[in-house]
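Position one of the sequence shown corresponds to residue 444 (my numbering), numbered consecutively onward.
Note that CB positions come from ideal geometry on N, CA and C, so glycine has one too.
The structure under discussion appears below in the form of structure tokens.
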Amino acid sequence: MAFSLFCNAQLNLQPGKWKGTLQRQDGHHIPFELEIEKQGRKPVFYIINDTERMKTEDIVMSKDSILIKMPVFESYFRVKIISKDSINGVWIKGGSAKDLVMPFYAVSGKSRFPKKAPGNLQQIAGKWKMEFTRADQTKRPAIGEFRQQGQLIKGSVLTPAGDYRYLVGTLAADSMFLSTFDGVHALFFAAKITPGALKGNYYSSASLPEPFVAVKDANVTLDPPVTTLKEGASGLLDFSFKDLEGNTVSLKDARFKDKVVILQLMGSWCPNCMDEMAFLSAYYRKNKNRGIEIIALAYELSTDEARSRKSLKKFQEQFKVEYPMLITGVTVGDPQRTEKTLPQLTQIKVFPTTIFLDKKGRVSKINTSFYGPGTGTYHTEYKQEFEKTITKLLE
């Protein structure tokens, strides 16, 4: 993420590496990496997640205060400049009922995690079968996919519905620490390592921690949630919703006739939807002349149309989206979201969900998980399977 600041006596921040920290009440704070570069009169800040560098230019400044809005999501920082090496304030994330507010500070010259002696360094590269325990004591499965270079560890955690994007961390003797921040995900993992096993805690924003255990398993798999056509349904979907300019778009429009159509069920609050949007938007620009169309159906945090449009416009502009993005007017938290939008389907369980329609408009395939670029080989395999599906439908 890049924050553009005018460079004057009050706003002359130290260029180079910075460490940002979101403060939890239990003391298990969430660190992430910042970097400041000077470009002419304006320094540029980056939030770095492995190979990802997120940028924003929506900045409001007043004396020693800065309002920094994320390029996507309803998420922003409100901070004060303490010195050229220090800022502090709050991070605020929009919600369906109320906003999440967490204390935040950042200092220059610090790494994401403090350097520790490696000790008897454990080897954890590879796949791990993980199990998390929620606050209500129910269990949920996941896969850890990690790469290791000495004490440096990178990778992701995959769930049945998606992934935790880019995780970066460190190893020291029998301990592992990982974190990420992208404007919605604010995650920290801390674990103890024994040969072939992990045991630790997962901290997400201000939520209660979730204990987890993991064992090394090269063959681990996950069962994705299932959304299908209802029994007896024709397979022909039918909907009409407004796009971001207020125009009504329907599957019956001439634009979609005799074409393969991809329906992207998404929300502007969803990091995995962000990754899928980046993929689909680039794919559409390259392949739209092959006879394919894409429609995004948005399930937002509220029924406030102006709020939804504003958030979705950020997605549209950030990823140069050329296909229709439609506001369903139904919230992600609405228990009747499927019946109100796509009643031919069984329950929409996860976002994003991707529906492939053949040239006659019939449902051919439904994907209920998307693995983004932070997942390495899983993302590569997803793209290969996606292309295979499109090629077959175009035959």
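> Using the beta-carbon count (16 or more within 10 Å), is His471 buried or exposed?
Replying inline: Locating residue 471 in the sequence shown gives position 28, counting from the first residue. Exposed, since its Cβ has fewer than 16 Cβ neighbours within 10 Å.
> Any idea what DSSP makes of Asp718, helix, strand or coil?
Replying inline: For the purposes of this step, residue 718 is identified with residue 275 of the sequence shown, where counting begins at 1. Here Asp718 sits in helix by DSSP.
> Which of helix, strand or coil does DSSP assign to Gln482?
Replying inline: To locate residue 482, count along the sequence shown from 1; it is residue 39. Taken through DSSP and simplified to helix, strand or coil, Gln482 comes out as strand.
> Is the CB-CB distance between Gly776 and Ala741 below 9 Å?
Replying inline: Along the sequence shown, read from residue 1 onward, the residue named residue 776 stands at position 333. Along the sequence shown, read from residue 1 onward, the residue named residue 741 stands at position 298. No, these two residues do not count as a Cβ contact at 9 Å.
> Rounded to whole angstroms, how far is the Cβ of Met619 from the Cβ of Ile596, which I believe are closer than 8 Å?
Replying inline: Residue numbering aside, residue 619 sits at position 176 when the sequence shown is read from its first letter. Residue numbering aside, residue 596 sits at position 153 when the sequence shown is read from its first letter. About 7 Å separates the two Cβ atoms, so the contact holds.
>> For Phe446 and Asn690, what's the separation of their Cα atoms in angstroms?
In response: Counting from 1 along the sequence shown, the entry for residue 446 is found at position 3. Counting from 1 along the sequence shown, the entry for residue 690 is found at position 247. Note that Phe446 has pLDDT 46, beneath the 50 cutoff, so the model's placement of it is unreliable and no number is given.
>> Buried or exposed, going by whether 16 or more other CB atoms sit within 10 Å of the CB of Leu651?
In response: Reading the sequence shown from its first residue, position 208 is the one you call residue 651. Leu651 comes out exposed.
>> For the stretch 788-806 against the stretch 675-689, do three or more pairs of beta-carbon atoms, one drawn from each stretch, fall closer than 8 Å, so that the two count as touching?
In response: Judged by Cβ distances under 8 Å, the stretch 788-806 makes contact with the stretch 675-689, as three or more pairs qualify.
>> Let me confirm a value: Gly815 is counted as buried when at least 16 other C-beta atoms fall within 10 Å, else exposed. Which label applies?
In response: Working through the sequence shown from its first residue, we reach residue 815 at position 372. The residue is buried, with at least 16 neighbouring Cβ atoms inside 10 Å.
> Taking buried to mean at least 16 other C-beta atoms within 10 Å of its own C-beta, is Thr820 buried or exposed?
Replying inline: Here residue 820 refers to the residue found at position 377 of the sequence shown. By the 10 Å Cβ count, Thr820 comes out exposed.
> Quick one: complete alpha helix (DSSP H) runs, 4+ long, within the stretch 762-802?
Replying inline: For secondary structure counted as the alpha helix (DSSP H) over 4 or more consecutive residues, the stretch 762-802 holds these complete runs in sequence order: 780-784.
> Near Ser724, which residues of its chain fall below 8 Å by C-beta distance, leaving aside the five closest residues on each side in sequence?
Replying inline: Within the sequence shown, numbered from 1, the residue matching residue 724 stands at position 281. Residues Phe762, Lys763, Val764, Glu765 and Tyr766 of the same chain have their beta carbon placed closer than 8 Å to that of Ser724, with the five preceding and five following residues left out of the count.
>> Give me the residue from Ala649, Gly612, Asp666 and Phe547 with the minimum Cα distance to Pro603.
In response: As a working mapping, residue 603 is identified with position 160 in the sequence shown. The shortest Cα separation from Pro603 among Ala649, Gly612, Asp666 and Phe547 belongs to Asp666.
> Just checking, does the stretch 619-630 make contact with the stretch 654-665 on the three C-beta pairs under 8 Å criterion?
Replying inline: Verdict: no, contact absent.
>> With H, G and I counted as helix, E and B as strand and the rest as coil, what does DSSP make of Asn732?
In response: For this step, residue 732 is matched to residue 289 along the sequence shown. DSSP, read as helix, strand or coil, puts Asn732 in helix.
> For Phe556, which of helix, strand or coil comes out of DSSP?
Replying inline: Within the sequence shown, the letter at position 113 stands for residue 556. Of the three classes helix, strand and coil, the one that applies to Phe556 here is coil, per DSSP.
> In or out: Thr670 buried (at least 16 other Cβ within 10 Å) or exposed?
Replying inline: On the sequence shown, position 227 is the one that residue 670 refers to. Buried, because 16 or more other Cβ atoms sit within 10 Å of the Cβ of Thr670.
> Is it right to say Ser505 is buried, meaning 16 or more other beta carbons lie within 10 angstroms of its own, or is it exposed?
Replying inline: Residue 505 sits at position 62 when you count from the first residue of the sequence shown. With fewer than 16 other Cβ atoms within 10 Å, it is exposed.
> Apart from the five residues on each side of it in sequence, which residues of its chain come closer than 8 Å, Cβ to Cβ, to Lys756?
Replying inline: To locate residue 756, count along the sequence shown from 1; it is residue 313. Leu687.
> Are the beta-carbon atoms of Gly643 and Ala634 separated by less than 9 Å?
Replying inline: Along the sequence shown, one-based indexing puts residue 643 at 200. Along the sequence shown, one-based indexing puts residue 634 at 191. Ala634 is positioned such that its CB atom lies closer than 9 Å to that of Gly643.
> Who pairs with Arg583 in a beta bridge, going by DSSP?
Replying inline: The residue you call residue 583 lines up with position 140 of the sequence shown. Phe575.
> In terms of alpha-carbon separation, which member of Asp718, Met768 and Glu748 lies closest to Glu736?
Replying inline: By one-based count along the sequence shown, residue 736 stands at place 293. Ranking Asp718, Met768 and Glu748 by Cα distance to Glu736 puts Met768 first.
> Would you report the Cα separation of Arg728 and Glu719, rounded to the nearest angstrom?
Replying inline: The sequence position of residue 728 within the sequence shown is 285, counting from 1. The sequence position of residue 719 within the sequence shown is 276, counting from 1. Rounded to the nearest angstrom, the gap between the Cα atoms of Arg728 and Glu719 is 14 Å.
>> Which residue marks the beginning of the alpha helix (DSSP H) containing Lys695, and which one marks its end?
In response: The sequence position of residue 695 within the sequence shown is 252, counting from 1. For Lys695, there is no enclosing alpha helix (DSSP H), since its DSSP letter is neither H nor E.
> Does DSSP classify Pro638 as helix, strand or coil?
Replying inline: Start at 1 with the first residue of the sequence shown, and residue 638 comes out as number 195. Coil, per DSSP.
> Quick one: Cα of Ile434 to Cα of Gly772, how far?
Replying inline: A question about residue 434 goes unanswered here, because the residues of the chain that appear run from 444 up to 838.
>> Once the 5 residues before and after Leu641 are set aside, which same chain residues still bring their CB inside 6 Å of it?
In response: Counted from its first residue, the sequence shown places residue 641 at position 198. Sequence-distant partners of Leu641 (beyond 5 residues in either direction) whose C-beta falls short of 6 Å from its own C-beta, in its chain, are Ala634 and Ala657.
> Helix, strand or coil for Ala725 per DSSP?
Replying inline: Numbered from its first residue, the sequence shown carries residue 725 at position 282. DSSP places Ala725 in helix when its eight states are reduced to three.
> So Asn455 and Lys523 are in contact, right, with Cβ under 8 Å, and what is the actual spacing, rounded?
Replying inline: Stepping through the sequence shown from its first residue, residue 455 is reached at position 12. Stepping through the sequence shown from its first residue, residue 523 is reached at position 80. That belief does not hold up - the Cβ atoms of Asn455 and Lys523 are roughly 15 Å apart, past 8 Å.
> Beta carbon of Ser648, beta carbon of Lys536: below 9 Å?
Replying inline: Residue numbering aside, residue 648 sits at position 205 when the sequence shown is read from its first letter. Residue numbering aside, residue 536 sits at position 93 when the sequence shown is read from its first letter. Yes; because the gap between Cβ atoms is below 9 Å, this pair is in contact.
>> Could you tell me the alpha carbon to alpha carbon distance between Gly559 and Phe589, rounded to whole angstroms?
In response: Translated into the one-based positions of the sequence shown, residue 559 becomes position 116. Translated into the one-based positions of the sequence shown, residue 589 becomes position 146. It is worth fixing the name first, because residue 559 is Lys in this sequence and not Gly. Here the alpha carbon of Lys559 sits roughly 20 Å from the alpha carbon of Phe589.
> When you compare each of Lys570, Ala585 and Gly569 to Thr576 by their alpha carbons, which one comes out closest?
Replying inline: Here residue 576 is taken as the residue at index 133 of the sequence shown, counted from 1. Considering only alpha carbons, the answer is Ala585.
> Under the DSSP definition of a beta bridge, which residues are partnered with Phe601?
Replying inline: The residue given as residue 601 occupies position 158 in the sequence shown. Sequence inspection shows Leu at residue 601; the Phe mentioned does not correspond to that position. According to DSSP, Leu601 bridges with Ile586 and Asp606.
> DSSP state of Tyr489, grouped into three classes?
Replying inline: In the sequence shown, the residue the question calls residue 489 occupies position 46. Three-state DSSP puts Tyr489 in a strand.
> Relative to the C-alpha of Pro557, which residue among Gln566, Ala615 and Pro514 is closest?
Replying inline: Within the sequence shown, numbered from 1, the residue matching residue 557 stands at position 114. Answer by Cα proximity: Ala615.
> When DSSP labels each residue in this structure, what does Ser551 get in the three-state scheme?
Replying inline: Against the sequence shown, residue 551 aligns to sequence position 108. Correct three-state label for Ser551: strand.
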